[in-house]
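> Just passing along the structure, written as structure tokens.
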Amino acid sequence: MRIPSLFVAVCLVAATPGFGLAAGFNPEMTKYVQGLETQAKKQESSFKGFDAARGKKLFFDAQPNAKSGPLSCATCHTSDLKKSGKTLVGKVIPPLAPSANKSRLTNVKETEKWLLRNFKQVYGREGTAREKGDVLMFINAQ
Amino acid sequence: MNSLSKMPISALFAVIFSSVVTAHGGGSELMGGATNSAYLKECGACHLAYQPQFLPKRSWEKVMNTLDSHFGDSAALDDALKSEILGYLVKNSADASSSKISRKMLASLGTAETPLKISDTPYFKRKHREVRADVFKRKSIGSPANCTACHLSADKGDYDEHKVKIPRK
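Chain order of the listed sequences is Y and L. Residue 137 is where the first sequence starts when you use our numbering, and the numbers rise one by one after that. Residue 29 is where the second sequence starts when you use our numbering, and the numbers rise one by one after that.
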């Protein structure tokens, strides 16, 4: 019996871990988020999937910073992600919310670069796979 | 020739004028904006893409080799981007430029000095001696790194002091 290839493809996608979680991402970003998910599962046995609410907390939690004073993602990106923000040296940052800025979260290289830089900036360390996924879920829902 | 004859006289004058200015090696107000697209994108995302003409080659090399802690912030870049941007900065650094600003900048620096900030150079300090420290701290300015706050067309290389507008807050 010949199984239609489309049927096989659908089954494969459905069986992929975290299918559905990366809704709204393009294929490149979906693959990236699924990779983060695989990593998160390895790192935390209790991991049950990314959570936008945890991402929101990471985004808004201000951390002590000797140079700038308490610093969170929202310090520069503001508390409304649909609006433009401003860097610490005064340069305008176009909105982070994909609903207000279509180019956001469409390019893996850009996304990885800014997650790395900004986690280091705010938290003084790289984000874990779970943290990155959580924050992406939060941003993507804006 | 045909296209020249169709040009309005004013445009023709503009062409002649700009070529005369260029022939003089570029005045301090006509340095132009930074042009390299990787530099504009990667460095210009956070701050003004400062004209490379403001610092000597040795400064740009030091800046680009310490990006992991860039004035306390992480500005890490992959190696390919880093070498492209450094190449551009070096090629257009103060040492390689004939602009008035570059010459004055270099003259103000000792050869052993490798400033990482334009605002640390004696030339910058002299030019801004009338600006009080608290003015730089105003909310819409923040620090001397924010050229555009007062030099509205700094991104185009226009630092003409007659066009300076200092925000009140």
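In this text, a Cβ means the ideal position worked out from N, Cα and C, and glycines have one as well. Keep in mind it's a predicted model, so treat the numbers as computed, not measured.
1. Select from the segment 70 to 91 of chain L all residues with a C-beta closer than 8 Å to any C-beta belonging to chain Y, and list them in chain order.
2. When DSSP builds the beta bridges, which residues end up paired with A207 (chain Y)?
3. Considering only C-alpha positions, which residue in the set Y:V225, Y:G263, Y:E164 is nearest to K203 (chain Y)?
4. Tell me the rounded alpha-carbon separation between W88 (chain L) and L117 (chain L).
5. Could you tell me if S196 (chain Y) is buried or exposed, where buried requires 16 or more neighbouring beta carbons within 10 angstroms of its beta carbon?
6. Run down chain L in chain order and give the residues with a C-beta less than 7 Å from the C-beta of Q257 (chain Y).
7. Candidates Y:P234, Y:K227, Y:C209: which alpha carbon is nearest K218 (chain Y)'s?
8. If distances are taken between C-alpha atoms only, which option among Y:V271, Y:V244, Y:T214, Y:K245 comes closest to P230 (chain Y)?
9. G138 (chain L): which of L:Y67, L:L83, L:E70 sits nearest, CA to CA?
10. Below 8 Å between beta carbons: does that hold for A277 (chain Y) and A188 (chain Y)?
11. Given a cut-off of 8 Å on the beta-carbon distance, is the pair V169 (chain Y) and C209 (chain Y) in contact?
12. Using the Cα positions of P150 (chain L) and K197 (chain L), report the straight-line distance between them to the nearest angstrom.
13. Between which two residues does the alpha helix (DSSP H) containing K245 (chain Y) stretch?
14. Since K193 (chain L) and L180 (chain L) are thought to touch, with beta carbons under 8 Å apart, how far apart are those beta carbons, to the nearest angstrom?
15. Determine, using beta carbons only, whether A73 (chain L) and E112 (chain L) come nearer to each other than 8 Å.
16. Between the C-alpha atoms of A77 (chain L) and R253 (chain Y), what's the straight-line distance to the nearest angstrom?
17. Reducing DSSP to helix, strand and coil, say where G269 (chain Y) ends up.
18. If distances are taken between C-alpha atoms only, which option among Y:V244, Y:L241, Y:V228 comes closest to H75 (chain L)?
19. So if DSSP puts K222 (chain Y) in a beta bridge, which residue, or which two residues, is it bridged to?
20. Here's a check: name, in chain order, each residue in its chain whose Cβ is nearer than 8 Å to the Cβ of N237 (chain Y), leaving out the five neighbours to either side.
Considering the structure as presented:
1. If the cut-off is 8 Å between Cβ atoms, the segment 70 to 91 of chain L has G72, A73, C74, H75, L76 near chain Y.
2. For this step, residue 207 (chain Y) is matched to residue 71 along the first sequence. Ala is not the amino acid found at residue 207 (chain Y); the sequence shown has Leu there. Partner(s): Y:Q199.
3. Taking the first residue of the first sequence as 1, we reach residue 203 (chain Y) at position 67. Here the closest residue by C-alpha is Y:V225.
4. Residue numbering aside, residue 88 (chain L) sits at position 60 when the second sequence is read from its first letter. Residue numbering aside, residue 117 (chain L) sits at position 89 when the second sequence is read from its first letter. Going from the Cα of W88 (chain L) to the Cα of L117 (chain L) covers about 7 Å.
5. Numbered from 1 along the first sequence, position 60 holds the residue referred to as residue 196 (chain Y). The displayed chain sequence assigns Phe, not Ser, to residue 196 (chain Y). Around the Cβ of F196 (chain Y), a 10 Å sphere holds fewer than 16 other Cβ atoms; the residue is exposed.
6. Locating residue 257 (chain Y) in the first sequence gives position 121, counting from the first residue. In chain order: D101, S102.
7. Working through the first sequence from its first residue, we reach residue 218 (chain Y) at position 82. Nearest of Y:P234, Y:K227, Y:C209 to K218 (chain Y), Cα basis: Y:P234.
8. Locating residue 230 (chain Y) in the first sequence gives position 94, counting from the first residue. Selection Y:V271, Y:V244, Y:T214, Y:K245 evaluated against P230 (chain Y) yields Y:T214 as nearest (Cα-Cα).
9. By 1-based counting over the second sequence, the position of residue 138 (chain L) is 110. Closest in alpha carbon position to G138 (chain L), among L:Y67, L:L83, L:E70, is L:L83.
10. If you number the first sequence from 1, residue 277 (chain Y) lands on position 141. If you number the first sequence from 1, residue 188 (chain Y) lands on position 52. Going by beta carbons, A277 (chain Y) and A188 (chain Y) fall inside the 8 Å limit.
11. The residue given as residue 169 (chain Y) occupies position 33 in the first sequence. The residue given as residue 209 (chain Y) occupies position 73 in the first sequence. It is not a contact, given that the beta carbons lie outside the stated cut-off.
12. On the second sequence, residue 150 (chain L) is found 122 positions in, with the first residue counted as 1. On the second sequence, residue 197 (chain L) is found 169 positions in, with the first residue counted as 1. P150 (chain L) and K197 (chain L): Cα-Cα distance of roughly 27 Å.
13. The residue you call residue 245 (chain Y) lines up with position 109 of the first sequence. Counted as a single uninterrupted DSSP element, the alpha helix (DSSP H) harbouring K245 (chain Y) occupies residues 244 to 259.
14. For the purposes of this step, residue 193 (chain L) is taken as the residue at position 165 of the second sequence. For the purposes of this step, residue 180 (chain L) is taken as the residue at position 152 of the second sequence. Distance from K193 (chain L) to L180 (chain L) at the Cβ level is roughly 6 Å; contact confirmed, criterion being Cβ atoms closer than 8 Å.
15. Taking the second sequence and counting its residues from 1, the one referred to as residue 73 (chain L) is at position 45. Taking the second sequence and counting its residues from 1, the one referred to as residue 112 (chain L) is at position 84. No. Outside cutoff.
16. Here residue 77 (chain L) corresponds to residue number 49 of the second sequence, with the count starting at 1. Here residue 253 (chain Y) corresponds to residue number 117 of the first sequence, with the count starting at 1. Cα-Cα distance, rounded: 18 Å.
17. Position 133 of the first sequence, counted from the first residue, corresponds to residue 269 (chain Y). Secondary structure at G269 (chain Y): helix, using DSSP grouped into helix, strand and coil.
18. The sequence position of residue 75 (chain L) within the second sequence is 47, counting from 1. The alpha carbon of H75 (chain L) has as its nearest neighbour, out of Y:V244, Y:L241, Y:V228, the alpha carbon of Y:V228.
19. The residue labelled residue 222 (chain Y) in the question sits at position 86 within the first sequence. Under DSSP, the beta-bridge partners assigned to K222 (chain Y) are Y:V228.
20. Indexing the first sequence from 1 puts residue 237 (chain Y) at position 101. Within the same chain, N237 (chain Y) has close Cβ partners P230, P231.
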